[in-house]
Each structure stands twice: as structure tokens, then as C-alpha cells.
Amino acid sequence: MTTITYIEHDGTEHKVSAEEGISVMENALQNGVPGIDADCGGQCSCATCHVFVDPSWMDKVGTRSEMEVSMLDLNPEANEYSRLSCQIPVTEVLDGLVVHMPEFQA
Numbered sequence: 018m019t020t021i022t023y024i025e026h027d028g029t030e031h032k033v034s035a036e037e038g039i040s041v042m043e044n045a046l047q048n049g050v051p052g053i054d055a056d057c058g059g060q061c062s063c064a065t066c067h068v069f070v071d072p073s074w075m076d077k078v079g080t081r082s083e084m085e086v087s088m089l090d091l092n093p094e095a096n097e098y099s100r101l102s103c104q105i106p107v108t109e110v111l112d113g114l115v116v117h118m119p120e121f122q123a
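Add 17 to the 1-based position in the sequence shown for my numbering, that's all there is to it.
Laid out in C-alpha cells, this is it:
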């Protein structure tokens with residue numbers, strides 16, 4: 018199992034185990050982690066699963082697709098560490114991943 022730490026805007030941490038093969042978004046939803054809305058259900062079409070990946074993990078989460086970049090461009094809070102959690106598959110390489118959630122989902 019892979020462990021992921023989700024940190025809410027107010028600093029509240031949720032450390033949860035994740036099955037490999039699902040997305041970071043699906044894992045949050047399955048474990049009741051607040052702060053990820055996932056209105057589109059993981060189809061990369063709403064950006065309500067926006068997270069900020071801890072800088073030390075950016076090289077391990079993969080690169081953004083063109084569609085993900087397009088969705089993030091619509092979000093005024095997006096920065097170089099922004100990812101859509103529906104686009105990050107859980108793998109053993111991500112054991113210990115830390116993501117921060119924005120105060121509000123766009």
C-alpha cells in the first residue's frame with residue numbers, strides 16, 4: 018500500500034493508505050478527505066480536484082497532459098506545483114506523497 022498525506026488549507030492533515038492503480042483523487046474520495054470535490058468524477062473536465070503537490074514530489078507525479086494544463090489555466094490559484102489529482106495515478110513510487118489543497122475548489 019502507498020501512503021498519501023493530504024493537507025487541508027488550514028493545515029489539517031489526513032494520512033491515508035491508497036491502492037495502486039486508482040487516482041490520488043479517487044483515494045481522497047474513498048477515504049472521506051475533505052477539500053477535493055471531483056465534480057466531474059475524474060474526467061479532467063472540471064478542475065475541482067486541484068491540489069498543490071509538495072515540491073519534493075513533483076518529479077515523481079509525472080507531467081501534466083495538455084488537457085490538464087488547459088483546465089489548470091482556468092484556475093487563478095494555479096501555480097507550478099498545481100495538479101489535478103484525478104490525473105495522478107497511485108503507484109508504489111508515490112509512497113509518502115504530500116499534497117496540499119487550496120482553500121476553495123474553482
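In this text, a Cβ means the ideal position worked out from N, Cα and C, and glycines have one as well.
Where the beta strand (DSSP E) through residue i begins and ends
i, result
"L101", "S99 to L101"
"I21", "T19 to I24"
Candidates the options, of which the one nearest residue i by Cα
i, options, result
"L101", "S34, K32, E83 and T108", "E83"
"E25", "Q122, H117 and F121", "H117"
"T22", "G38, G58, F69 and G59", "F69"
"V110", "K32, G28 and E37", "E37"
"A123", "M42, V78, M88 and R81", "M88"
"P106", "E97, T80, P119 and Y98", "T80"
"N44", "E85, Y98 and C103", "C103"
Terminal residues of the alpha helix (DSSP H) in which residue i lies
i, result
"L208", "In this structure the chain extends from 18 to 123, so residue 208 is not present and cannot be described."
"E109", "Where E109 is concerned, there is no enclosing alpha helix (DSSP H), given that its DSSP letter is neither H nor E."
"D90", "E83 to D90"
Proximity below 8 Å, CB of residue i to CB of residue j
i, j, result
"A197", "L91", "Residue 197 is absent from the structure shown; the chain starts at 18 and stops at 123."
"M18", "S34", "yes"
"G113", "T29", "no"
Distance between beta carbons of residue j and residue i, contact taken as under 8 Å
i, j, result
"C66", "I53", "5 Å"
"E94", "P72", "About 16 Å separates the two Cβ atoms, so there is no contact after all."
Handout entry: Entirely enclosed beta strand (DSSP E) segments - the stretch 30-79, minimum 3 residues
Key = 30-35 and 67-70
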